[in-house]
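Participant: Let me begin by handing over the structure; questions about it come next.
Number of protein chains: 2
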Amino acid sequence: MKQLLSPKQVARAIGVSESSLKRWCDQGLVPTERTAGGHRRICVGDVVQLIRQGDQTVLRPELLGLPPGTRTGAHNRQRSIETLVDALIAGDAELTRRLVFNNFLGGGTIAELADELFAPAMHRIGDCWKCGDLEVYQEHRACEMLARILHELRTILPQAKGLVALGGTPSGDHYRLATTLVELMLIEAGWRATSLGTSLPFSTLTKAIEKHRPTLFWLSVSHTGDNSHFSHQLNEWLVSVPKSTHVVLGGQALGHIDSIAGDNAQSFHNFASLRQFADRLSEQPAV
Amino acid sequence: MKQLLSPKQVARAIGVSESSLKRWCDQGLVPTERTAGGHRRICVGDVVQLIRQGDQTVLRPELLGLPPGTRTGAHNRQRSIETLVDALIAGDAELTRRLVFNNFLGGGTIAELADELFAPAMHRIGDCWKCGDLEVYQEHRACEMLARILHELRTILPQAKGLVALGGTPSGDHYRLATTLVELMLIEAGWRATSLGTSLPFSTLTKAIEKHRPTLFWLSVSHTGDNSHFSHQLNEWLVSVPKSTHVVLGGQALGHIDSIAGDNAQSFHNFASLRQFADRLSEQPAV
DNA sequence: CCTAAAAACGTCCAATTCGTTCATTTTTAT
DNA sequence: ATAAAAATGAACGAATTGGACGTTTTTAGG
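Listed in order, the protein sequences are those of chains A and B. For the first sequence, our numbering assigns the number 249 to the initial residue and increments by one for each residue that follows. For the second sequence, our numbering assigns the number 249 to the initial residue and increments by one for each residue that follows.
Put into structure tokens, the structure is as follows:
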């Protein structure tokens, strides 16, 4: 439920006078709702947008339900990654949350955040895991924490009523983060995106597409059992997808796949390019 | 035929105080009927009209649309479950959220919510799935939606600094909801509970316990591959857990397990009894 | 049908917010 | 460097909000 705040609360949270905030509301810089009596009500998501777009400093993040210690400003991405990795491995949920929110409020799209922060961090954790430097539970816990924070971010993203997108991961692939990130990114880009979850057989993907007729369908492939078998199944499925649905593929495990069949399927190696593709689709809704 | 709501219900739905709403009714801003005794009754249509056309009186339409549970009557719960199942199957995230939040804010603990709402609903969905009445993606999507809402609930639970609890699901068990529910329930009960995630090998559980020395460790078992093999591994692990950690077991798949080794392990069949056990543990922190 | 608990009534009041004006500070242009 | 323009923050009376209270109506359950 979107939390509504009074101008005074918002003003105190971001450290400006109530007068200025009211003026911004009246100028349309901040989407404002009104009570029947004429009092302004502002929802947290819009405040967050204001903070991200402008260069407002958050003085009292706790008033917005954001983690304490949240500041905006220049961030060293490299340092952020390292700190984040440490926090994730240590299982420090609070620190993780603060780091993510700091980077989110500092501006930049979800796609950038995914490419420059989450992907490198999880990649690094994956490496440590393979080297045996990490316990399984540490890796799993890290994913859990990030997933939780992504869900939290989702609640403060403005929800548009754009085109429909669906997606998920194929059978045997239980990696949830990537598909959740795609969902978030598309929502930020104005889509009505829904992640169907993980480990979905191709047959049910077909059913979902038949039922919801999405403009975009993403398949996040982080892990495949038998590569050639998967490749075969994938291509068989791809050609069966109706032309009205654009299929996009992504994920580490795609490197092992030879070719991609179907003339409305494409694979992407980062979130930024996928975002670009999605934006182009949105601009020309006539398919 | 037309649904009538009390001022309190409408007030909560649109996010204003009951006083204000009553004033608006009396000013004629909201068409209001009266009972013989003088109580106001507002019909849903008028509220949505007030919101839609409302020159500027948009607040929070998202809570509208259901007769909020007046009391924990069995009748009402039954209806809640059915509505929830429908919403989950249809993939209606908004309605699902509304239902869950209404039931939570209407009073009752997480344990009650889990036993009386989530468990029956998911059980029903599981049944439909087995009967083939449901697509795989519908079941997965339902889990995704619920998981997201649980994470949201978590953010509004007060975080205490009580005893430490860890938990998760064993290898091969990817069912996330149950372990998340236990985590939530324990947090509500004042614990510092962390779910380590799903599909965790017993060896890493041991490592986690060694590292964090939790007072309580839960294992949520919804799915086991080979029952006898799992049973053997489980019992072997149980006896290896240090005495300072109480292990609790739960989940549908536990019915297939014969016996439970270890004198500090116990199994539970519902959330309420687990909650009781956790409360007793909290009261006598000296172990 | 009757009883007790829960919800809603009407009223009151302190706190908050409204719209406006105005002095002060910051930015921009000459 | 100076003046004009724009943005800020404080102050004001009027209006709105939301919580508290004791009383009355509705509802749930024996």
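C-beta atoms are modelled at their ideal positions from N, C-alpha and C, and glycine is treated no differently.
Around the C-beta of A:His388, are 16 or more other C-beta atoms found within 10 angstroms, so that it is buried, or is it exposed?
Facilitator: Counting from one through the first sequence, the residue named residue 388 of chain A turns up at place 140. With 16 or more Cβ atoms within 10 Å of its Cβ, A:His388 is classed as buried.
Participant: How about A:Ala359 and A:Leu414: do their beta carbons lie closer than 8 Å?
Facilitator: Position 111 of the first sequence, counting from 1, holds the residue named residue 359 of chain A. Position 166 of the first sequence, counting from 1, holds the residue named residue 414 of chain A. Result no, Cβ atoms of A:Ala359 and A:Leu414 do not sit closer than 8 Å.
Participant: Measure how close the beta-carbons of A:Ile373 and A:Leu336 come, nearest whole angstrom, since I'm counting them as under 8 Å.
Facilitator: Here residue 373 of chain A refers to the residue found at position 125 of the first sequence. Here residue 336 of chain A refers to the residue found at position 88 of the first sequence. Yes, they are in contact, since the Cβ atoms of A:Ile373 and A:Leu336 sit about 6 Å apart, within 8 Å.
Participant: Could you spell out where the alpha helix (DSSP H) holding A:Trp377 opens and where it closes?
Facilitator: As a working mapping, residue 377 of chain A is identified with position 129 in the first sequence. Here the alpha helix (DSSP H) through A:Trp377 covers 367–378.
Participant: Name, please, each residue of chain B whose Cβ falls closer than 8 Å to the Cβ of A:Leu444.
Facilitator: Here residue 444 of chain A refers to the residue found at position 196 of the first sequence. By Cβ distance, chain B contributes Tyr385, His388, Arg389, Glu392.
Participant: Between the region 522–533 of chain B and the region 436–450 of chain B, do three or more beta carbon pairs fall short of 8 Å?
Facilitator: In short, these stretches touch, since the Cβ pair count reaches three.
Participant: Can you check whether the C-beta of B:Ser447 is within less than 8 Å of a C-beta belonging to chain A?
Facilitator: As a first step, residue 447 of chain B must be located in the second sequence, where it is residue number 199. Yes - at least one Cβ of chain A is within 8 Å of the one on B:Ser447.
Participant: To the nearest angstrom, how far is the alpha carbon of A:Glu364 from that of A:Arg325?
Facilitator: Your numbering for residue 364 of chain A matches position 116 in the first sequence. Your numbering for residue 325 of chain A matches position 77 in the first sequence. Rounded to whole angstroms, A:Glu364 to A:Arg325 spans 7 Å at the Cα level.
Participant: Using only the alpha-carbon positions, how far apart do B:Phe450 and B:Pro418 sit?
Facilitator: Position 202 of the second sequence holds residue 450 of chain B. Position 170 of the second sequence holds residue 418 of chain B. One C-alpha to the other measures close to 7 Å.
Participant: Does B:Arg289 come out as helix, strand or coil in the three-state DSSP assignment?
Facilitator: Here residue 289 of chain B refers to the residue found at position 41 of the second sequence. DSSP places B:Arg289 in strand when its eight states are reduced to three.
Participant: Considering only the alpha carbon of each residue, which of A:Ala501, A:Ala509, A:Ile505, A:Gln481 lies closest to A:His494?
Facilitator: Residue 494 of chain A sits at position 246 when you count from the first residue of the first sequence. Out of A:Ala501, A:Ala509, A:Ile505, A:Gln481, A:Ala509 has the C-alpha closest to the C-alpha of A:His494.
Participant: Can you give me the start and stop residues for the alpha helix (DSSP H) that A:Ala259 sits inside?
Facilitator: Numbered from 1 along the first sequence, position 11 holds the residue referred to as residue 259 of chain A. Note, A:Ala259: alpha helix (DSSP H), 255–262.
Participant: With respect to the alpha helix (DSSP H) encompassing B:Ala341, which residues constitute its N-terminal and C-terminal limits?
Facilitator: Position 93 of the second sequence, counting from 1, holds the residue named residue 341 of chain B. That run of the alpha helix (DSSP H) goes 341–353.
Participant: List the residues of chain A that B:Lys270 touches, going by C-beta distances under 7 Å, in chain order.
Facilitator: Start at 1 with the first residue of the second sequence, and residue 270 of chain B comes out as number 22. Within chain A, no residue comes near B:Lys270; the closest Cβ sits about 12 Å away, beyond 7 Å.
Participant: Just checking: is the beta-carbon of B:Thr452 within a distance shorter than 8 Å of some beta-carbon in chain A?
Facilitator: On the second sequence, position 204 is the one that residue 452 of chain B refers to. By this cut-off, B:Thr452 is an interface position.
Participant: Between the region 457–468 of chain A and chain B, which residues of the former have a C-beta closer than 7 Å to a C-beta of the latter?
Facilitator: Residues: none.
Participant: I want to see whether chain B comes within less than 8 Å of A:Gly354, judged by CB atoms only; does it?
Facilitator: The count along the first sequence starts at 1 and reaches residue 354 of chain A at position 106. So, not an interface residue.
Participant: Under the three-state reduction of DSSP, which class applies to B:Trp466: helix, strand or coil?
Facilitator: As a working mapping, residue 466 of chain B is identified with position 218 in the second sequence. Strand, per DSSP.
Participant: Starting from the C-beta of B:Glu310, find all residues in its chain whose C-beta is less than 7 Å away, skip the five residues before and the five after it, and write them out in chain order.
Facilitator: In the second sequence, the residue the question calls residue 310 of chain B occupies position 62. Low confidence applies here, because B:Glu310 scores a pLDDT of 48, under 50, leaving its location unreliable and the question unanswered by this model.
Participant: Among the residues of its own chain, which have a CB less than 8 Å from the CB of B:Leu486, if the five just before and after it don't count?
Facilitator: Within the second sequence, the letter at position 238 stands for residue 486 of chain B. Val495, Ile508, Ala509, Gly510, Ala513, listed in sequence order.
Participant: Considering Cα atoms alone, identify which of A:Lys491, A:Leu298, A:Phe366 is closest to A:Arg327.
Facilitator: In the first sequence, counting from the first residue as 1, residue 327 of chain A sits at position 79. When only C-alpha atoms are compared, the closest one is A:Phe366.
Participant: Could you tell me whether any Cβ in chain B is nearer than 8 Å to the Cβ of A:Leu253?
Facilitator: Looking up residue 253 of chain A in the first sequence gives position 5. No, its Cβ sits nowhere closer than 8 Å to a Cβ of chain B.
Participant: What is the DSSP secondary structure of B:Gln297, reduced to helix, strand or coil?
Facilitator: To locate residue 297 of chain B, count along the second sequence from 1; it is residue 49. Reduced to three states, the DSSP call for B:Gln297 is helix.
Participant: Mind checking which residues open and close the alpha helix (DSSP H) that includes A:Ala456?
Facilitator: Residue 456 of chain A sits at position 208 when you count from the first residue of the first sequence. Start and end: 450–460.
Participant: Classify A:Gln524 as buried or exposed, calling it buried when 16 or more other Cβ atoms lie within 10 Å of its own Cβ.
Facilitator: Working through the first sequence from its first residue, we reach residue 524 of chain A at position 276. It is exposed - the Cβ of A:Gln524 has fewer than 16 other Cβ atoms within 10 Å.
Participant: Considering only the alpha carbon of each residue, which of B:Gly356, B:Leu434, B:Phe349, B:Cys376 lies closest to B:Asp334?
Facilitator: Within the second sequence, numbered from 1, the residue matching residue 334 of chain B stands at position 86. When only C-alpha atoms are compared, the closest one is B:Cys376.
Participant: Taking only beta-carbon atoms, is A:Glu400 less than 8 Å away from chain B?
Facilitator: Here residue 400 of chain A corresponds to residue number 152 of the first sequence, with the count starting at 1. A:Glu400 counts as touching chain B.
Participant: Could you check where the alpha helix (DSSP H) with B:Leu432 kicks off and where it finishes?
Facilitator: Locating residue 432 of chain B in the second sequence gives position 184, counting from the first residue. Segment 424–436, the alpha helix (DSSP H) holding B:Leu432.
Participant: For B:Leu252, count neighbouring C-beta atoms within 10 Å of its own C-beta (all shown protein chains included) and say buried if the count is 16 or more, exposed if not.
Facilitator: Here the question's residue 252 of chain B lines up with position 4 in the second sequence. The residue is exposed, with fewer than 16 neighbouring Cβ atoms inside 10 Å.
Participant: Given this structure, state the Cα-to-Cα distance separating A:Ser476 from A:Ile505, to the nearest angstrom.
Facilitator: By 1-based counting over the first sequence, the position of residue 476 of chain A is 228. By 1-based counting over the first sequence, the position of residue 505 of chain A is 257. A:Ser476 and A:Ile505: Cα-Cα distance of roughly 8 Å.
Participant: Just tell me which of B:Leu332, B:Gly286, B:Leu482 has its CA closest to the CA of B:Leu394.
Facilitator: Looking up residue 394 of chain B in the second sequence gives position 146. Considering only alpha carbons, the answer is B:Leu332.
Participant: Leaving aside the five residues before and after A:Thr446 along the sequence, list all residues of the same chain whose C-beta is less than 8 Å from its C-beta, in chain order.
Facilitator: Here residue 446 of chain A refers to the residue found at position 198 of the first sequence. Cβ neighbours of A:Thr446 beyond the five flanking positions: Gly416, Thr417, Asp421, His422, Tyr423, Arg424, Thr427.
Participant: Mind checking which residues open and close the beta strand (DSSP E) that includes B:Arg440?
Facilitator: Taking the second sequence and counting its residues from 1, one reaches residue 440 of chain B at position 192. It spans 440–443 - the beta strand (DSSP E) in which B:Arg440 sits, taken as one unbroken run.
Participant: Judging by CA-CA distance, which residue of B:Leu361, B:Asp340, B:Thr280 is the nearest neighbour of B:Ala520?
Facilitator: Numbered from 1 along the second sequence, position 272 holds the residue referred to as residue 520 of chain B. Looking at the Cα atoms, B:Leu361 is the closest of the given residues.
Participant: Just to confirm before moving on: does the CB-CB distance between A:Thr280 and A:Arg271 stay below 8 Å?
Facilitator: Counting from 1 along the first sequence, the entry for residue 280 of chain A is found at position 32. Counting from 1 along the first sequence, the entry for residue 271 of chain A is found at position 23. Cβ distance not < 8 Å, so A:Thr280 and A:Arg271 don't count as in contact.
Participant: Please report the straight-line C-alpha distance between A:Arg260 and A:Ser254, rounded to a whole angstrom.
Facilitator: Taking the first sequence and counting its residues from 1, one reaches residue 260 of chain A at position 12. Taking the first sequence and counting its residues from 1, one reaches residue 254 of chain A at position 6. Whole-angstrom Cα-Cα distance: 10 Å.
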